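So the sequence lines, in the order shown, correspond to chains A and B.
Numbers 1 to 767, taken from the numbering used here, label the letters of the first sequence in order.
Numbers 1001 to 1212, taken from the numbering used here, label the letters of the second sequence in order.
Each residue gets a CB set at the ideal place from its N, CA and C atoms; glycine is no exception.
Since the model is a prediction, treat every value here as computed from it, not as a measurement.
First comes the structure, then the notes that go with it.
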Amino acid sequence: MTQLIKVWDISGGIHPPENKAQSLLEPLATLAIPPQLVLPLNQHIGAPAKVLVEVGQQVLGGQLLAEADGVFSAHVHAPTSGTVTAITDHVVPHPSGMTDTCIILDTDGEDRWLALDEAPNYQDIDKTALLERVRAAGITGLGGAGFPTAVKLNPRANQTIDTLIINGTECEPYITADDILMQNRAQEVIAGTQILSTLLGNPSRVVIGIEDNKPAAIATMRDAAAGTTIEVVSFPTKYPSGGEKQLIQILTGQEVPAGQIPASIGIVCQNVGTTAAVYRAVRFGEPLVKRITTVVGEALERQRNIEVLLGTPIEFILEQHGYSEKKASRLVMGGPMMGFSLPDTSVPLIKTTNCILAPSRKELPPPEPAQACIRCGMCAEACPADLLPQQLFWYAQSEDLEKLEAHNLFDCIECGACSFVCPSHIPLVQYYRAAKGEIRQHRSDKEKSDRSRRRFEFRQERIDKEEAEKEAKRLARKKAAELAKKKLAEQKAAAPATEQNAPAAQPATTAADDDKQRAKLERLLAAAQDSLKQAQKPQDDATEEQLEKQQARIKQAELKLAAARDKLAALAPASTVPPAASKPVADDPVSAAIERAKAKMAMAPEEKLRTTLESLYKRLTKAEQKAREAREQASDNAEALEQGVAKLKEKIASNQKELSELAPTSVAEPTPRNSATPEAEVNVANDAASQAIEKAKARAAAMGTMSVADKLRNQVESLEARLEKSQARLLKAQADNDANLDAFKTGVEKLEVKLAATREQLAEHNE
Amino acid sequence: MLETIAQHPIASALIALIGLALVFGALLGYAAVRFKVEGDPLVEQIDTLLPQTQCGQCGYPGCKPYAQAIANGDAINKCPPGGQTTINELAALLDVEAPTLDEEHGEESDIPTVAFIREDECIGCTKCIQACPMDAILGAAKQMHTVIADECTGCDLCVEPCPVDCIDMIPVASGIRQWSWELPAASHKQVANLIATDSGRGHTQRNTSDAS
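If you want it as structure tokens, here you go:
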């Protein structure tokens, strides 16, 4: 009846020498506990487990050493009791030959175990608890890839599993681990299959697929499965029918779509070893700490299947089987088709190690040198996935990743059938593995570059935004500044505008100009007057000569004073003309101002100040009146006008001060004269010189108020008078034979010179 | 109507053609406006092929400007971080011969690197933060800075501005999880004369044919 179950065929496939007999000659054995176990944290596909123990910690068999880190991960348990001596990097079984973190456990040989959580009535346990027990045992696929079993047994809600396939195919040459397991523990496998069936919601079809080269296993399994709904199906031997997708195709005729998992078509596939481990975990609470491994190869004295603790170093196993390094061509973990060479014998046995192959050179010679592809197409015939290996090889060589993907490189199961049949001995699978790695790398690079682009663009955006904000702020500030400037300018413009608008203010403007000039010149005048005053100060012990000098100084001061006045007179019209020219309308007031200024020039400083004051008062009253009017009208210019008033008041105050300063000096002037007179009377009463001094002083005082011509005329007169007197005195001195005769002579000469000069000046002035 | 057409065959043909031209012109004009593609799609395509390190080794201030430059006819071999792979992809996209990398802009390094700040030497000047095109450096003024290694593209731009030279470019850790198979050495080229009797055969044959 069972023979009538239809099986399908897969395309391609090969028939390599099976070499399965030699390891089946001896029964399944159990290997002794090695002195040290090396337990990698990553014995499965997915994230490495997280260490829970510390160095130096005593652990018991079955104790959790490292827990699963996330869903796609698996626990690691202590296979026996001992001490954790290190958690360090150690060479692990990996094609790269690289190191990875491992827990080093020194065994004590006592094999003390934790009390296990047995469940004799496991049939009553609900699905969630069952799954938890599987997860807690750290079970991963024992067939090869090492996918965490609990994940596989927990399909997505939208995937209904209608077929459960237990894979007992074991198509790879040399390996007999599953065969011996089925022969020895068929009941465990069947019980495990029932548990899996329960976990997956009792699929309508449960099949155990076994190649027809294992008649003993098929027979025992059929016996064990009797009375259950489990079908045990045998099918023709062909490599690689044990591949998950190939087995599904053989048993159901369905193909798993590219890039999808079997669960997407309602099928779950588990290895027989995994199934047995699930049973032990559920029934006895036993974690996955040991497995059955085939130890085979002509370089070994003993070839058999052993049940061995995970983490047992390969060198320990090899020692037990009489390994001869000389004979061995290499050391392979896994089968001859899909296994990889081990770089080091210190690597441990892990959950996925189904075979340790130590072939002799004759048995498995080193690969022959590859030759050029001759496009024979044998690889395409052998390919179980219906790919075009020669094309893939071509594109892999030229690293044309796009074409590789277009030719479905990722459907390649890396079975090695193409390499096996290749007459040119091209290591095709290695090309595909490398290309796959490169494509994965490229994808992750792409992902990273996309993320980088987004980050860069975001940064750019942020910087632009910041710039824009700064620019906006700057513009706002600029605008505010401009506004403030404009306001200021308006205020400034408003002040003169009101003055211009009101005709009465115009003289004030011109007057202000005048004021400036006048103030300057007045300062000059004041300075001249000061120096004159200084010169006029009488000196007690003044000799004739000194007096002469004094006179000269006074003269100089007088000249300076005159020059200052001239300048003042000359500048006054000049300063008033430009505003007059620019404002023809204001012609009359301006000319009037000029007149006034001219008049002022002619005036004495005191008088001048007084007139200035008067005019200022007048302007003040006018300005005040205007300000009042403006205020009454609530004009904008009121403030400006008031400011003007304040300024005028200030000016008046300064003028008054000046006037008061000037007044005492003009009053005080006679005082020194008066005080000097008695002195002169006492000292040189009979000397004509004192008289001359007096006269000179009086004249000098008066001269301040005289015009230039008058002044000069007066000078000439006084000089003539002095000269006469001096000459008279000289004559007298000559007659008396005075000691001062020489001095008198020079005095007369000097006076003569001065008189001539003054006359000349006068003549010039008259011209 | 038919009579008029028959009487003026040339005129009616002209009218018909002009009419068609106007109709289709209007249609095309509308389509051009309605289905206008924003930006230059070629630049976008080129930009996606570039490695986005924003390193500026090509002489442009980022990958996008270089993409723009390539679209405008610049050489496609100025990107050392992308290397030959990027050049090949660009060549395929632009349908040109793939040149080799222009060494003037730097050499393609096999080992990707990331910036690493020796943190106890960092003075917190923020200069590297401003230089980083990826925002991959964290820190604040007078605070120690550090690099987010996952976001670092290894563009080197932060090394130069550092006033205390505390930034190193270290190779990205390549552990067992980053490992992948390597392409086998192309050994069949070395064993071209595997069969002893084959050596020189082609040569002899050519000689014979020359003689004949």
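Original post:
List, in order along the chain, the chain B residues whose C-beta lies closer than 9 Å to that of A434 (chain A)?
Top reply: Numbered from its first residue, the first sequence carries residue 434 (chain A) at position 434. For A434 (chain A), the chain B residues whose C-beta falls within less than 9 Å of its own C-beta are S1180, W1181, E1182, L1183, P1184, listed in chain order.
Original post:
Taking Cβ-Cβ distances below 7 Å as the criterion, which residues of the region 1153 to 1168 of chain B are in contact with chain A?
Top reply: T1153
**OP:** Specify, as a first and last residue, the run of the alpha helix (DSSP H) that S419 (chain A) falls within.
**Re:** As a working mapping, residue 419 (chain A) is identified with position 419 in the first sequence. Per DSSP, S419 (chain A) belongs to the alpha helix (DSSP H) from 417 to 421.
Original post:
Around the C-beta of R462 (chain A), are 16 or more other C-beta atoms found within 10 angstroms, so that it is buried, or is it exposed?
Top reply: As a working note, residue 462 (chain A) is residue 462 in the first sequence. It counts as exposed.
**OP:** Put S360 (chain A) into one of helix, strand or coil per three-state DSSP.
**Re:** Counted from its first residue, the first sequence places residue 360 (chain A) at position 360. Correct three-state label for S360 (chain A): strand.
Original post:
Within this structure, are the beta carbons of I317 (chain A) and L31 (chain A) separated by less than 8 Å?
Top reply: Position 317 of the first sequence holds residue 317 (chain A). Position 31 of the first sequence holds residue 31 (chain A). A contact, by the Cβ cut-off of 8 Å.
**OP:** Please go through the same chain and pick out, in chain order, the residues whose beta-carbon is closer than 7 Å to the beta-carbon of A1040 (chain B), but skip the five residues on each side of it.
**Re:** As a first step, residue 1040 (chain B) must be located in the second sequence, where it is residue number 40. Here the sequence assigns Asp to residue 1040 (chain B), which means Ala is not the residue at that position. So the qualifying residues of the chain are A1071.
Subject >> Beta-carbon contacts of R375 (chain A) that lie in its chain and below 7 Å, excluding the five residues immediately before and after >> reply: Numbered from 1 along the first sequence, position 375 holds the residue referred to as residue 375 (chain A). Q390.
Original post:
Going by alpha carbons, who is nearest to I218 (chain A) out of A:S197, A:I180, A:G82, A:T229?
Top reply: Counting from 1 along the first sequence, the entry for residue 218 (chain A) is found at position 218. Nearest C-alpha to I218 (chain A): A:I180.
Subject >> Neighbouring residues, chain B, relative to D100 (chain A) (Cβ below 7 Å) >> reply: Reading the first sequence from its first residue, position 100 is the one you call residue 100 (chain A). Those are I1176, listed as they occur along chain B.
Original post:
Where does D100 (chain A) sit, in a helix, a strand or coil, going by DSSP?
Top reply: Start at 1 with the first residue of the first sequence, and residue 100 (chain A) comes out as number 100. Note: D100 (chain A) maps to strand in three-state DSSP.
**OP:** Determine the closest residue to A562 (chain A) out of A:Q529, A:Q551, A:A552, with distance taken between C-alpha atoms.
**Re:** As a position in the first sequence, residue 562 (chain A) is number 562, starting the count at 1. Of A:Q529, A:Q551, A:A552, the residue nearest in Cα terms is A:Q529.
Subject >> Under 8 Å from the C-beta of D1110 (chain B): neighbouring residues of chain A >> reply: Locating residue 1110 (chain B) in the second sequence gives position 110, where the first residue counts as 1. Those within 8 Å of D1110 (chain B) in chain A number zero; the least Cβ separation is about 12 Å.
Original post:
C1079 (chain B): which of B:E1038, B:E1108, B:P1065, B:L1093 sits nearest, CA to CA?
Top reply: By 1-based counting over the second sequence, the position of residue 1079 (chain B) is 79. Closest option to C1079 (chain B), Cα to Cα, is B:E1108.
Original post:
Name the chain A residues whose beta carbon is nearer than 8 Å to that of R1080 (chain B)?
Top reply: Numbered from its first residue, the second sequence carries residue 1080 (chain B) at position 80. Residue identity check: residue 1080 (chain B) is Pro in the sequence provided, not Arg. The contacting residues do not exist; P1080 (chain B) stays about 15 Å from chain A at best.
Original post:
Beta-carbon separation of I350 (chain A) and L310 (chain A) under 8 Å?
Top reply: To locate residue 350 (chain A), count along the first sequence from 1; it is residue 350. To locate residue 310 (chain A), count along the first sequence from 1; it is residue 310. Yes, the Cβ-Cβ distance between I350 (chain A) and L310 (chain A) is below 8 Å.
Original post:
How long is the line joining the alpha carbons of V577 (chain A) and K533 (chain A), rounded to whole angstroms?
Top reply: By 1-based counting over the first sequence, the position of residue 577 (chain A) is 577. By 1-based counting over the first sequence, the position of residue 533 (chain A) is 533. Interpretation of V577 (chain A) is limited by its pLDDT of 44, a score under 50 that renders its predicted location unreliable; the figure taken from the coordinates is listed afterwards. Between V577 (chain A) and K533 (chain A), the C-alpha separation is close to 34 Å.
**OP:** Could you work out which residues of chain A lie near P1133 (chain B), taking near to mean beta carbons separated by less than 8 Å?
**Re:** Working through the second sequence from its first residue, we reach residue 1133 (chain B) at position 133. Simply F456, R459.
Original post:
At a cut of 8 Å, does the region 1092 to 1101 of chain B reach the region 1114 to 1132 of chain B through at least three beta carbon pairs?
Top reply: no
**OP:** For P1051 (chain B), decide whether its Cβ has a neighbour in chain A, counting only Cβ atoms nearer than 8 Å.
**Re:** Indexing the second sequence from 1 puts residue 1051 (chain B) at position 51. Cβ-Cβ to chain A under 8 Å: yes for P1051 (chain B).
**OP:** Kindly say whether Q1054 (chain B), judged by its beta-carbon, lies nearer than 8 Å to any beta-carbon of chain A.
**Re:** Within the second sequence, the letter at position 54 stands for residue 1054 (chain B). It does: the Cβ of Q1054 (chain B) has a partner Cβ on chain A nearer than 8 Å.
Subject >> Cβ of E1151 (chain B) within 8 Å of any chain C Cβ >> reply: No chain C is part of this structure, whose protein chains are labelled A and B.
Subject >> Per-residue contacts from S96 (chain A) into chain B (C-beta, under 7 Å) >> reply: For the purposes of this step, residue 96 (chain A) is taken as the residue at position 96 of the first sequence. When 7 Å is used as the limit between beta carbons, S96 (chain A) is near these residues of chain B: I1176, W1179, in chain order.
Original post:
Helix, strand or coil for Y792 (chain A) per DSSP?
Top reply: Nothing can be reported for residue 792 (chain A), as the shown portion of chain A is limited to 1 through 767.
**OP:** Specify, as a first and last residue, the run of the beta strand (DSSP E) that R792 (chain A) falls within.
**Re:** Since the displayed chain A opens at 1 and closes at 767, residue 792 (chain A) lies outside it and no answer follows.
Original post:
Thinking C-beta only, is P313 (chain A) closer than 8 Å to S346 (chain A)?
Top reply: Counted from its first residue, the first sequence places residue 346 (chain A) at position 346. Counted from its first residue, the first sequence places residue 313 (chain A) at position 313. In contact: S346 (chain A) and P313 (chain A) (Cβ atoms closer than 8 Å).
**OP:** Counting only the same chain and skipping the five closest in sequence on each side, list residues whose C-beta sits under 6 Å from that of N1077 (chain B).
**Re:** Here residue 1077 (chain B) corresponds to residue number 77 of the second sequence, with the count starting at 1. I1087, P1099, L1101, D1102, listed in sequence order.
Original post:
With G297 (chain A) and P359 (chain A) assumed to form a contact (beta carbons below 8 Å), what rounded beta-carbon distance in angstroms separates them?
Top reply: As a first step, residue 297 (chain A) is located in the first sequence; it is residue number 297 there, counting from the start. As a first step, residue 359 (chain A) is located in the first sequence; it is residue number 359 there, counting from the start. Their Cβ separation, rounded to whole angstroms, is 5 Å, which keeps G297 (chain A) and P359 (chain A) in contact under 8 Å.
Original post:
Is the region 1163 to 1181 of chain B touching the region 422 to 436 of chain A, taking contact as three or more C-beta pairs under 8 Å?
Top reply: Between the region 1163 to 1181 of chain B and the region 422 to 436 of chain A, the count of C-beta pairs closer than 8 Å reaches three or more; the two stretches touch.
Original post:
Tell me the DSSP bridge mates of K50 (chain A)?
Top reply: One-based indexing of the first sequence puts residue 50 (chain A) at position 50. In DSSP, K50 (chain A) forms a bridge with A:E67.
**OP:** Could you confirm whether any beta carbon from chain B is found closer than 8 Å to the beta carbon of R443 (chain A)?
**Re:** Within the first sequence, the letter at position 443 stands for residue 443 (chain A). So no, R443 (chain A) is outside the interface.
Subject >> Chain-ordered residues of the region 1059 to 1075 of chain B with a beta carbon less than 9 Å from chain A >> reply: G1062, C1063, K1064
Original post:
From N354 (chain A) to R302 (chain A), what distance separates their C-alpha atoms?
Top reply: Counting from one through the first sequence, the residue named residue 354 (chain A) turns up at place 354. Counting from one through the first sequence, the residue named residue 302 (chain A) turns up at place 302. Their backbone Cα atoms lie some 17 Å apart in a straight line.
Original post:
So V1164 (chain B) and I1123 (chain B) are in contact, right, with Cβ under 8 Å, and what is the actual spacing, rounded?
Top reply: Taking the second sequence and counting its residues from 1, the one referred to as residue 1164 (chain B) is at position 164. Taking the second sequence and counting its residues from 1, the one referred to as residue 1123 (chain B) is at position 123. Going by Cβ atoms, the distance from V1164 (chain B) to I1123 (chain B) rounds to 6 Å, so yes, they are a contact pair.
**OP:** Could you spell out where the alpha helix (DSSP H) holding L1094 (chain B) opens and where it closes?
**Re:** For this step, residue 1094 (chain B) is matched to residue 94 along the second sequence. Element bounds for L1094 (chain B): 1083 to 1094.
**OP:** Identify every residue that forms a DSSP beta bridge with E307 (chain A).
**Re:** Taking the first residue of the first sequence as position 1, residue 307 (chain A) is located at position 307. Its beta-bridge partners are A:T30, A:I292.
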